[in-house]
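The structure under discussion appears below in the form of structure tokens.
Numbering (this note's numbering), first residue to last: -5 to 245.
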């Protein structure tokens, strides 16, 4: 489900077709990640089950199954937090904000902020936390380039004890500024999207021993400008699901 609460004053004329969730209409657009019977939602709304602090259309909190509000600590402005990348897998819940990854764990009844991660290889020309994926104690963080002529990058992090350490930095075989725009990981499979306004594509990797090795590249059979192929990715076993948001298709 991708959904947002409508703005105060009612929906725009072009929102009358939007789906309903519970007793309130919602607008498409923000990520919701399912995990068992719970969902991690990023919302800018107010309702009995999901309550957010918002200023205008600014999203400022993450909610986990309606049970707890999570915010980035020590920041004067939280506008935009919760509107980006969020994911959960077992004992870890992650959210990104201002090129940081916030890691919550749940040792008891509540989620507790356990770590705040920044780029393990800071580069002023590369972003960090453009995309995010989690598989148990392995985290994959993408960082798109901030300028033409510089490639994006992907970091694979592993949890050792109470710390996340760099397992491998992955760079594209050629200059791709949008490399790392999306990522997905499961087991020994990893996919990195380089979807943009042009055709885009997905780089595939396999874990061999302790090293992620290139295992292929896929793109649209009929690429067109604006397709944004691999803008979003998902992996299940030996299958990779790829979105082409510009074309309105999924493969």
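For each residue, glycine too, the CB sits at the ideal point set by N, CA and C.
So who's on the other strand from residue i, going by DSSP bridges?
i, result
"residue 235", "228"
"residue 80", "89"
"residue 169", "According to DSSP, residue 169 bridges with nothing at all."
"residue 133", "128 and 151"
"residue 177", "186"
"residue 210", "198"
For residue i, name the three-state secondary structure that DSSP assigns.
i, result
"residue 204", "coil"
"residue 162", "strand"
"residue 65", "coil"
"residue 243", "strand"
"residue 97", "strand"
"residue 146", "coil"
"residue 109", "strand"
"residue 220", "coil"
"residue 104", "coil"
Looking only at C-alpha atoms, which of the options sits nearest to residue i?
i, options, result
"residue 172", "114, 124, 109 and 235", "124"
"residue 165", "183, 108, 206 and 242", "206"
"residue 154", "225, 79 and 131", "131"
"residue 213", "238, 228 and 231", "238"
"residue 241", "85, 215 and 232", "215"
"residue 187", "109, 230 and 146", "146"
"residue 120", "90, 180, 148 and 104", "148"
"residue 179", "66, 167, 133 and 221", "133"
"residue 210", "184, 99, 98 and 135", "184"
"residue 128", "105, 150, 245 and 144", "150"
With 16 as the cutoff for other CB atoms within 10 Å, does residue i come out buried or exposed?
i, result
"residue 195", "buried"
"residue 113", "buried"
"residue 170", "buried"
"residue 233", "exposed"
"residue 160", "exposed"
"residue 244", "exposed"
"residue 220", "exposed"
"residue 40", "Unreliable positioning characterises residue 40 in this predicted model, as indicated by a pLDDT of 30, which lies under 50. The coordinate reading is nonetheless provided below. Exposed is the call here."
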